[in-house]
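Here is the structure we will look at, set down as structure tokens.
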Amino acid sequence: EVSVLAACYESNVPFTLHVGIGTDVIDQHPSFDGQAKGGCSGRDFLIYTNEISKLTEGGVLLNIGSAVTGPEVLLKAVSMAANAGSIPNNIITADFDLRDHEPEAMSDESSEGYYFRDQKSVVTRIPRAFNGKGFYIQGNQKKTFPLLYKMIIEGL
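-9 is the number of the first residue of the sequence shown in the working numbering; add one for each residue after it.
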């Protein structure tokens, strides 16, 4: 009924997947082809990085429920874009997750919160580096993400 993938396709917006090898149940199948999976994910990363490089005058990046892979892919893509001269200026980032967020932990290496990649990179590090603003939305994504959608549709 509702599909982000279908909406992207219909709107001609790239939809990318960033997968690990050995992380999914399909990787256990006898006909699993790691080269195919890795090759597709590698191409998707370049597509994603190309889209990030278009954010030179601002944009919005959302991380929804990914504590490690999503933030790391974003960090590497932003770095590649900036190193190629396409600096993602004035970006707004948001991390949607269940954990508590302690902003003061982002500068305290002795705090475990300092090492949460989603909070460290998405909410703090990336927006600070590129004149942006980061937000942390705590809660169940089944509620917070539809609420964000509703607010956008209704004009906030």
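Glycine included, C-beta positions come from ideal geometry on N, C-alpha and C.
These numbers come from a predicted model, not from an experiment.
Enumerate in chain order the residues of its own chain whose CB-to-CB distance from Gly28 is below 7 Å, with the five nearest sequence positions on each side excluded. Ile11
When the Cα of Tyr126 is compared with those of Ile143, Val113, Leu137, which residue comes out closest? Val113
Could you check what DSSP says for Ala84 in three-state terms: helix, strand or coil? strand
What would DSSP say about Phe125, mapped onto helix, strand or coil? strand
Exposed or buried, Asn2, counting other C-beta atoms within 10 Å across all chains shown (16 or more means buried)? exposed
Which same chain residues, not among the five before or five after Leu51, have their C-beta less than 7 Å away from its C-beta? Leu64, Ile81, Thr83
Collapsed DSSP secondary structure at Val50 in the structure displayed: strand
Would you mind listing the alpha helix (DSSP H) stretches within the segment 26 to 74 that are 4+ residues and don't spill past its ends, in chain order? 59 to 73
Does the distance from the CB of Thr6 to the CB of Asp23 come in under 7 Å? no
Could you name the residues of the same chain whose beta carbon sits closer than 7 Å to that of Ser43, not counting the 5 residues immediately before and after it, in chain order? Ala71, Ala74, Ser76
Looking at Leu45: is its Cβ nearer than 7 Å to the Cβ of Pro93? no
From the DSSP output, in three-state form, read off Asp90 for me. coil
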